[in-house]
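Protein chains in written order, with the numbering used here: chain B, 516 to 892; chain Z, 1296 to 1666; chain W, 63 to 218.
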């Protein structure tokens, strides 16, 4: 009896104590070996990863990715302040940065980082905090579809690129509406309604004009649209569409004379009223990111995209250079329009959108169809 | 099945003291979407008790607080009080002093109208160019004030009995140079602002105020003259040197915001004309009659009216024989125009986006209405 | 047609302004020249004052008070710049012309008791370079055809 129980006891000890400990120990030593192996080979793996994906990384980080968006936002803020100041017969930022005020933008952003974020009572906190972050990243997502060169498109989805741009940029007005409702304030509420009115009336002519361009080029792919403009920019045969899309860019970017949702004289900053600190910084940056996305699309559709003579020897660099030159000229022109005109009222802007822009866009589409079917172009 | 009845949801918004554009006042708006149903003006934020202060100061000391009632055209406001004192004490003013007082009044009027322009441009939507041009052009006037009186804003240059000092050497030539410069600048203003397509779209046919309503509700100043009624204290009861000067009273037939803006614009032209006449033809003579520093008054009551840039101001003074006035009642132009503004929602359809434009066409200065 | 004219003409008028220089005076490296009647801080002549109390009675803000001074007989005015509104009655009506205006307006301090200027302090007027160490030029404004320009009058 005792000998049988002794054997059973021995087997019990082996299975329940010895074996698991040995298995666990083996498992731990295997993990350690794997970790050490990874650590020693890590530099080699990193170099191999970077060498394999160098171009997408460059695109994501520098052009048209993170660095391009942020640098444009910073330079555009500084440039607009100095440019408008000259039109107003004064100097803009002067002391930060040796008489040109370049560091003023950095100083402002640093100040915004250090401010307290005031959260009012009775708001929907998830929407309140999430909307400023979305409002500057969703347009950046639309920005990566623009081709800078034949082989320099960050998100290359072929013939879906133009509809995808409109789809993503069509999400952009939803975010101020959510933000304005979530902030529990009468001013933001009215601002949210104005955003809804404005964008509904502006999107339809824009999509019609985009469709006309696609018909004339023969495809929805942004690369093929740019290639089809090698001989003549689409601005010339589609002059009406050019003017409508130009107005549409200013409306979508919410700049004067159409910055109705953020009308500071009636509604203290509209849907951005309750934001303070870095959330406010995000909403400020969002205006420039949206502006950048739409104006690059405008150049791609109507002004020939990256086409231009080869002046650097390297065709990629020349194409990128020409696109940036056209972009800078367009930005300066739109900032100059801000100097000259005051703001339209909401019902006047809706009248412009529904009574003038939409019928003209339909006429533009009909003209393009006639030109294409008649074989003129 | 009948259609459901749609009731508008009225939201009471406060265009309030904590606002980038409201100034020192609070205006409650009952809005439903964009249309404004009712306007309630809640004034009194800047009440400083000027009328009570004047009872505790002698006549000369009282000029200082009353000049700070409207900072944009101090000359006109101070002149109202000073003419009241002179009428009640029976002091004669030499002719040259009257002409210099008119010069100060007209320069103050241009100053105030330029400031009103800048605010109007900003109210229609941050019109950056014009808003700061007016500030720059006012430096010409401020420099002239500084050479004549010694201060840029609140000059304290007229006193009962005349003005303090004579015109400095070469001042008339500087006035004429300033007048020519401002005339050249106004062509730019006219093209860039008044004949601007978007500005016209914002200001035409907005807040129409018919002449009968304007007279019935008691409007004054450019608000009244923008509705076609030609009433101006400088022509009806001339004070200072206005009886000898040659100018027109500007009215406009269209009774909207654009008409009031144009009235102010053309009034600047008339003021420049008056300044040129004064600089060329000011008569010689003494500028001051001797008055005791702390005069004693005779019992009585006196009323004097002046035309400030915003409208007509009355000073109604009761004296009882002491060295302080017994009671001073000031009738301010802004308070009368704010009453008209409150009734505008019933007279014409006003949208919420129009409220800043309409308020700045009335050109209020809230320190004036609260005293 | 006139609508298009109203749309483009403001552009033609406003756009050239971008090429002009700013008309700001770059304080504190520049400072304008003020006229001789300019009202800044007061200056007291201790030898001329006879303690007649006229300035005290005339001051509308009650900023003047007569106090004793070491080493002199009689009382002299002490001006409180917290309430003084620079109106000019004391300067104008002093029978001995003991008070006059200078052109210093930079007298802001961090401690309020320093704004009450005793008679000895009123009697001495520091140089402009001591008050503004960063000052380099004094400028003056003049009018041209189209703009207000400033030119340098004095280099420091």
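All residues carry an ideal CB built from backbone N, CA and C; glycine is no exception.
The structure displayed is predicted, hence computed values, not measured ones.
As assigned by DSSP and simplified to three states, the class of residue i
i	result
residue 574 of chain B	helix
residue 1309 of chain Z	strand
residue 1545 of chain Z	coil
residue 1603 of chain Z	strand
residue 1429 of chain Z	helix
residue 1297 of chain Z	Here residue 1297 of chain Z scores only 41 on pLDDT, less than 50, and its place in the model is too uncertain to base an answer on.
residue 217 of chain W	strand
residue 144 of chain W	coil
residue 1419 of chain Z	coil
residue 1598 of chain Z	strand
residue 654 of chain B	helix
residue 210 of chain W	strand
residue 1473 of chain Z	helix
residue 1458 of chain Z	strand
residue 1584 of chain Z	coil
residue 1661 of chain Z	helix
residue 1515 of chain Z	coil
residue 610 of chain B	coil
residue 201 of chain W	strand
residue 599 of chain B	helix
residue 92 of chain W	strand
residue 1404 of chain Z	helix
Residue i at chain B interface by Cβ criterion, 8 Å
i	result
residue 1406 of chain Z	no
residue 1656 of chain Z	no
residue 86 of chain W	yes
residue 1296 of chain Z	Note that residue 1296 of chain Z has pLDDT 37, beneath the 50 cutoff, so the model's placement of it is unreliable and the number below is only indicative. Cβ-Cβ to chain B under 8 Å: no for residue 1296 of chain Z.
Residue-chain proximity (residue i, chain Z), Cβ-Cβ < 8 Å
i	result
residue 158 of chain W	no
residue 770 of chain B	no
residue 211 of chain W	no
residue 168 of chain W	no
residue 89 of chain W	no
residue 603 of chain B	yes
residue 858 of chain B	yes
residue 861 of chain B	yes
Neighbour-count burial assignment, residue i, 16 or more Cβ in a 10 Å radius
i	result
residue 715 of chain B	exposed
residue 572 of chain B	exposed
residue 1314 of chain Z	buried
residue 114 of chain W	exposed
residue 1551 of chain Z	buried
residue 895 of chain B	This structure cannot settle anything about residue 895 of chain B, because the visible part of chain B is limited to 516 through 892.
residue 785 of chain B	buried
residue 156 of chain W	buried
residue 827 of chain B	exposed
residue 695 of chain B	buried
residue 1522 of chain Z	buried
Whole-number beta carbon distance between residue j and residue i, since they are thought to touch under 8 Å
i	j	result
residue 138 of chain W	residue 128 of chain W	6 Å
residue 1620 of chain Z	residue 1349 of chain Z	6 Å
residue 1633 of chain Z	residue 1439 of chain Z	Not a contact, Cβ separation roughly 32 Å.
residue 601 of chain B	residue 80 of chain W	5 Å
residue 724 of chain B	residue 756 of chain B	4 Å
residue 1553 of chain Z	residue 1448 of chain Z	30 Å between Cβ atoms; not a contact.
residue 1394 of chain Z	residue 1517 of chain Z	Their Cβ separation, rounded to whole angstroms, is 25 Å, which puts residue 1394 of chain Z and residue 1517 of chain Z out of contact at 8 Å.
residue 200 of chain W	residue 210 of chain W	The pair is not a contact, with the Cβ atoms about 17 Å apart (cut-off 8 Å).
residue 1556 of chain Z	residue 1656 of chain Z	6 Å
Short CB-CB distance (under 8 Å) between residue i and chain W
i	result
residue 1415 of chain Z	no
residue 1382 of chain Z	no
residue 1557 of chain Z	no
residue 854 of chain B	yes
residue 653 of chain B	no
residue 1588 of chain Z	yes
Residue ranges of each beta strand (DSSP E) within the stretch 1605-1657 of chain Z, 3 or longer: 1606-1614, 1622-1626
Length at least 3, wholly inside the stretch 1307-1393 of chain Z: the beta strand (DSSP E) runs in chain order: 1321-1327, 1330-1337
Alpha helix (DSSP H) runs wholly inside the stretch 659-726 of chain B, at least 4 long, in chain order: 676-686, 689-697
3-residue-minimum beta strand (DSSP E) runs that sit fully inside the stretch 117-198 of chain W, ordered along the chain: 126-130, 137-142, 161-163
Runs of alpha helix (DSSP H) lying entirely within the stretch 747-828 of chain B, each at least 4 residues, in chain order: 754-767, 793-817
Short-range partners of chain D found in the stretch 68-79 of chain W, where Cβ spacing is below 8 Å: Structure shown: chain D not included; protein chains present are B, Z and W.
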